[in-house]
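Asker: Line order of the protein sequences matches chains P and V.
Residues 457 to 1038, numbered by this note's numbering, are exactly what the first sequence covers, in order.
Residues 42 to 401, numbered by this note's numbering, are exactly what the second sequence covers, in order.
In this text, a Cβ means the ideal position worked out from N, Cα and C, and glycines have one as well.
All values derive from a computational prediction rather than experimental measurement.
Mind having a look at this structure? Questions to follow.
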Amino acid sequence: MTPLAAEPIAIAQTLAVPQRRAGGRFDPLILLWVALAAILAFLVINPLLRLVLSSLEAADTGAFTLQNYVTAYGRPRYIQALWNSLSLGACVTVLCLIFALPMAWAVSRTDMPGKGAIRLCVLGAFITPPYLGAIGWILLAGPNAGWLNKAFMGLTGASEGLFNIYSFQGLTFIIAIYSFPYLFIFTSSALDVVSSEMEEAANILGAGTLRTMLKVTLPMVLPAILGGIIVTFLETIALFGSPALIAIPARFNVVTTQLLQFFNAPVRSEVAAAYAVPLLLITVVLFLVQRQLTSRRGFVALTGKGGERRPIGLGFWRWPMFCYCGMVLSFSVLMPYAALSQAALAKAWGRGWSLDNLTLHNFQYLLFDHETAGRSVLNSFFYAGSAAFLVLGLSLSIAYIVARRLLPFASVLSFLCMAPFVVPGIVLAIAFYAAYAPPPFSLYGTSLILILAFTTRFLPIGFANATAAIRSINPEMEEAVRILGGGRFLAARKVLVPLMKNSLIGAWLLVFIPATRELSTAMFLYGPKTRTMSVMLLDLSEEGNFEQLAALGFMLLAATVVIVGVGSKLLGGDFMLRRDRG
Amino acid sequence: MSKLVLKGLGKSFGKTPAVQDVSLSIAQGEFVSLLGPSGCGKTTTLRMIAGFMRPTTGTIAVNGVVLSSPEHSQPPEKRGMSMIFQSYAIWPNMTVGENVAFGLKLRKMPGSELKRRVDKILEVVQLAHLRDRYPAELSGGQQQRVALARSIVIEPDVLLLDEPLSNLDANLREEMRSEIRRLHDEFKITTVYVTHDQAEAMVTSDRIVVMNHGRIEQVDDPVSLYNRPQSRFVAGFIGRTNFLEGRVHGGTIVFPGFTAAAGLFPGAADLAGNVTFSVRPQNVALHHAMPADTSNGWILTGQIVERSYLGEYWDYVVQPDNSDIRLRAAAPPLDIHDIGTRVWAEIDPRRIAHIPGPRG
């Protein structure tokens, strides 16, 4: 017919030359597997291994010893810190349930007004670094000087303020107002797929709204709520920034602040390692429990499509419900943001809103005059960006190999990618310190160690997103390229990557955003020239420089809002709040 | 000479065999369907032909060159085949024109010739006016045509289709199956078509391969397959049928409740022991009384026990006297019998198929 018709036959004939590819033939993909495994060994296995080993070694001789554990848990106040962490986790979780459950139900299932605004504010709470919110609340509820206390004293003529943020209760509150979005996301995603028909089936049999919610809806989303509870608890006990800001001045310790003290001169990193190992174990066990819970059978409704969904009419309760949600969100967003912006633009924040108190000097000083602040801003964005690219490259390659079953034992790679998920940031930092601070690596204080630690820390987010992105693309899309004569690489370049473009940008942002504010990992690894914004914020708060502190926090927030805004434009408004973020 | 030859082809996943001992020769320009219920191994067979899977036993050869064997499988991109996927796999990031030109570009075809070929094929599938559209703007049928154009334009050695019509609605499916046959008549490309829909297979194919449990049950042209099924599975899968099971006793065949002279049945001389026959419902004619001419008919008397009206025909169930057999009969819309009435069922022996082999 045409010259082309002969060509496939010609191809087939050249293939007739027998190519030995039987059993022993070496597959170049094996090299890729080895390379990826080596990278993961460096990022994940070695640090954790060194953490455990160094906790069992004497600092000077390297001989096996249990002395570090005896030291770490030998004093009542060290045990007290552990107990404080656990009870803090429990209290925060309870408060989060009170905040999140009614809000999730109202937003997902009812005709409450302003649902879009509520969702937006939850996103606002979610992207606010908890330590920044904590600073806002120091301005609001610091004893005597805080705005709320001043207002209270002014109104009642009392000589003492009502609130003291420097307390266990204060710490619980400021952690909860930034942690409840986890529970909100878990619960509302679960509610979103419960079919209205399930509830209507209860209605038609005579159950009212409340009874239906308690007897039908709630039990169906219970596994998701339990999962959210565990995540909230674990996030709380792993949190470093807010306890450092609140608990240390309030003269009590939690595990994370105690770990920092082991790093104060003289550095006792092996004792810190020993102290961190139980935290790691608690986390691993609870995550296993969570997996068990969410994979349990019998809640099939959660996996299917929701069917048609009709919002439940709240009647009179529409506005009270809205006010409740608004109150919680003004705690976490409106009030601290107002306090922070006032301080950022003030000569002295205590003098309040007046024209002669307004200034931009704080921003100017930070960016141009301060020794390290300007650099810390650049550092944060550079480290976060580099880590995001590394995470994306690694997770894409591995997710592809796993999803297409290209190599045996690929699941080992995916396990290693997800493993850092159960390692609290602070534990990871100590592990990196143990593995790469001493020679031969001597990476302590370098940019590299921060980038690598961030890469490991956020690898699970990237991997979960890359896997979801690849799974969402029908393999037939690639097979169509191959049967028409294109190789695997061409298929990836021409079809796979263009189709995943948006998901990949999303994955990059989901790593980049938390990496710009990461504190607990940076705290133990930074050097004089590698301060990040988050570390800088903590330093400024120790100096009591709240105006400059607020200005720096403001820049961090502004950058985040811009990035999230761009992301929402590209990927749809709720990309940060989706449940599949790993 | 045979174009595509499968020899003793088998594929196991772990210990579970998906395809066993499939041998088949397909001639140059022939259109062959692999037909069977889901899980019968037809898609696995197709994917082995395409090179997406390596067989665990047997070989696949095109023009005498072995492409697949347990030791070596030529990757799909080097087979000179093309394939239409169940999901169509139209690339949403490329326009209709770019989708269709993709395979030709890979073959480094010069621009003018490429344009001519793309224009021509888009004309053939009636999509010339949609050339610069993106797939998301097309209907299901149009996407299907893009998939067809994209795989035919490279004039492949072998064209593979994996349930290409299963995502279309019923009317469009009928239209597209004729379209596929029309394109085959035009381009004469050797084609393997996987489907679970017998009508699709019968409309499009020169020969049909019926598969079940990973094995070939029968390979035949549509007419023989329907009228001379070689196994109970084939008779039941292709169209509706009644199975009559009996035992040969000298010159008569004893069925539960009634008997018939063996001479009436096809191939009577070779019948012995237990026998199974297949009788299509439309080959059972119902009468209110004994028909006048019974010279070459086999008459059974019985009672109507169930009936349903399906518009195009009546579907009756007749229970022969003294028997618990349920005989389905399809009768024209004006052939009305009430439940409980006595009927004479006339069966043309020439339309009875003897199912060989062990009673299944």
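By the 10 Å Cβ neighbour count, where 16 or more other Cβ atoms means buried, how is P:Trp775 classified, buried or exposed?
Answerer: Exposed, since its Cβ has fewer than 16 Cβ neighbours within 10 Å.
Asker: What span of residues does the beta strand (DSSP E) with V:Pro361 cover, start to end?
Answerer: Taken as a continuous stretch (DSSP letters only), the beta strand (DSSP E) holding V:Pro361 covers 355-361.
Asker: Please identify, using Cβ separations under 9 Å, the residues of the region 857-876 of chain P that lie next to chain V, in order along the chain.
Answerer: Within the region 857-876 of chain P, no residue qualifies.
Asker: Is the Cβ of P:Ala948 closer than 9 Å to any Cβ of chain V?
Answerer: Judged by the 9 Å Cβ criterion, P:Ala948 is not in contact with chain V.
Asker: Applying the criterion that 16 or more other CB atoms from any shown protein chain within 10 Å of the CB defines a buried residue, is V:Phe318 buried or exposed?
Answerer: By the neighbour-count rule (16 or more Cβ atoms within 10 Å), V:Phe318 is buried.
Asker: What is the DSSP secondary structure of V:Ser74, reduced to helix, strand or coil?
Answerer: In the structure shown, V:Ser74 sits in a strand (DSSP, three-state: E or B).
Asker: Looking at C-alpha atoms only, which residue of V:Val250, V:Glu353, V:Leu155, V:Phe72 is the closest neighbour of V:Leu224?
Answerer: The shortest C-alpha separation from V:Leu224 is found at V:Phe72.
Asker: Strictly under 9 Å for the Cβ-Cβ distance: is V:Leu47 near chain P by that measure?
Answerer: Chain P contact via Cβ: absent.
Asker: Quickly, what does DSSP pair V:Arg288 with across the bridge? List them, please.
Answerer: Answer by DSSP bridge pairing, in chain order: V:Val295, V:Asn315.
Asker: Under the three-state reduction of DSSP, which class applies to V:Gln167: helix, strand or coil?
Answerer: Three-state DSSP puts V:Gln167 in coil, outside helix and strand.
Asker: What is the C-beta distance between V:Val137 and V:Arg172, in whole angstroms, given that I count them as a contact (C-beta under 8 Å)?
Answerer: Yes, V:Val137 and V:Arg172 are in contact; Cβ-Cβ is about 5 Å, under 8 Å.
Asker: Output the distance between the C-alpha atoms of V:Thr100 and P:Phe865, rounded to the nearest integer angstrom.
Answerer: The straight-line gap from Cα to Cα measures roughly 28 Å.
Asker: Just the chain V side, please: which residues come within less than 7 Å of P:Met933 by C-beta, in chain order?
Answerer: The contacting residues are Ala130, Trp132.
Asker: Taking three-plus beta-carbon pairs below 8 Å as touching, is the region 113-120 of chain V in contact with the region 939-951 of chain P?
Answerer: Output reads yes: the region 939-951 of chain P touches the region 113-120 of chain V.
Asker: Taking only runs of the alpha helix (DSSP H) that begin and end inside the region 794-824 of chain P, which ones reach a length of at least 4 residues, in chain order?
Answerer: Whole alpha helix (DSSP H) segments, 4+ residues: 817-820.
Asker: For the alpha helix (DSSP H) holding P:Ser698, just list the boundary residues, first then last.
Answerer: From DSSP, the alpha helix (DSSP H) with P:Ser698 extends over 697-702.
Asker: Beta carbon of V:Phe299, beta carbon of V:Glu286: below 9 Å?
Answerer: Contact: no.
Asker: Leaving aside the five residues before and after P:Gly589 along the sequence, list all residues of the same chain whose C-beta is less than 7 Å from its C-beta, in chain order.
Answerer: Result list for P:Gly589: Ile630, Ile633, Tyr634, Ser788, Pro792, in chain order.
Asker: Report the neighbours of V:Pro117 on chain P: residues whose CB is nearer than 8 Å to its CB, in chain order.
Answerer: Under the 8 Å cutoff, chain P gives Glu935, Arg938, Ile939.
Asker: Please confirm whether P:Phe1002 and P:Trp805 have their CB atoms less than 9 Å apart.
Answerer: Going by C-beta atoms, P:Phe1002 is nearer than 9 Å to P:Trp805.
Asker: Using a Cβ-Cβ distance cut-off of 9 Å, determine whether P:Gly960 contacts chain V.
Answerer: This sequence places Leu at residue 960 of chain P; Gly is not what is there. No, its Cβ sits nowhere closer than 9 Å to a Cβ of chain V.
Asker: Report back the beta-carbon spacing between V:Val141 and V:Val199 to the nearest angstrom; my notes put them in contact at under 8 Å.
Answerer: Actually they do not touch by this definition, with Cβ atoms about 19 Å apart.
Asker: Is there a Cβ of chain P sitting closer than 9 Å to that of V:Met89, yes or no?
Answerer: So, not an interface residue.
Asker: With three or more C-beta pairs closer than 8 Å as the rule, is the region 873-882 of chain P touching the region 913-932 of chain P?
Answerer: They touch, by the three-pair rule.
Asker: Determine whether the Cβ of V:His328 lies closer than 9 Å to any Cβ atom of chain P.
Answerer: No, V:His328 does not count as interfacial toward chain P.
Asker: From the beta carbon of V:Met122, is the nearest beta carbon of chain P less than 9 Å away?
Answerer: Chain P contact via Cβ: present.
Asker: Determine the contact status of V:Val194 and V:Leu147, defining contact as a CB-CB distance below 9 Å.
Answerer: Cβ distance not < 9 Å, so V:Val194 and V:Leu147 don't count as in contact.
Asker: Using a Cβ-Cβ cut-off of 8 Å (strictly less than) and excluding sequence neighbours within five positions of V:Gln127, which residues of its own chain qualify?
Answerer: For V:Gln127, where only same-chain residues beyond five positions count, the Cβ hits under 8 Å are Asp203, Glu204, Pro205, Ser207, Asn208.
Asker: Since V:Gly343 sits in a beta bridge, which residues does DSSP pair it with?
Answerer: Partner(s): V:Pro361, V:Val384.
Asker: Would the region 239-252 of chain V count as touching the region 52-72 of chain V if we require 3 or more Cβ pairs under 8 Å?
Answerer: The region 239-252 of chain V vs the region 52-72 of chain V: in contact.
Asker: Roughly how many whole angstroms lie between the Cα atoms of P:Leu1008 and P:Ala840?
Answerer: Straight-line Cα distance between these residues: approximately 17 Å.
Asker: By Cβ distance, which residues of its chain are closer than 7 Å to P:Pro699, with the 5 residues on each side in sequence left out?
Answerer: Excluding residues within five positions, the ones whose Cβ falls inside 7 Å are Leu627, Val710, Thr712, Thr713.
Asker: When you compare only the Cα positions, how much space is there between V:Gly87 and V:Leu45?
Answerer: Rather than Gly, the amino acid found at residue 87 of chain V in this sequence is Leu. Approximately 12 Å, taken between the alpha carbons.
Asker: Apply the 10 Å Cβ neighbour rule to P:Thr668 and answer buried if 16 or more other Cβ atoms are within range, or exposed otherwise.
Answerer: Looking at its Cβ environment, which holds 16 or more other Cβ atoms inside 10 Å, P:Thr668 is buried.
Asker: Consult DSSP for V:Asp389 and reduce its assignment to one of helix, strand or coil.
Answerer: In this structure, V:Asp389 counts as coil in the three-state DSSP scheme.
Asker: Alpha carbon to alpha carbon, how far is P:Ala891 from P:Arg987? Give it in angstroms, no decimals.
Answerer: Looking at the two C-alpha atoms, the distance is approximately 20 Å.
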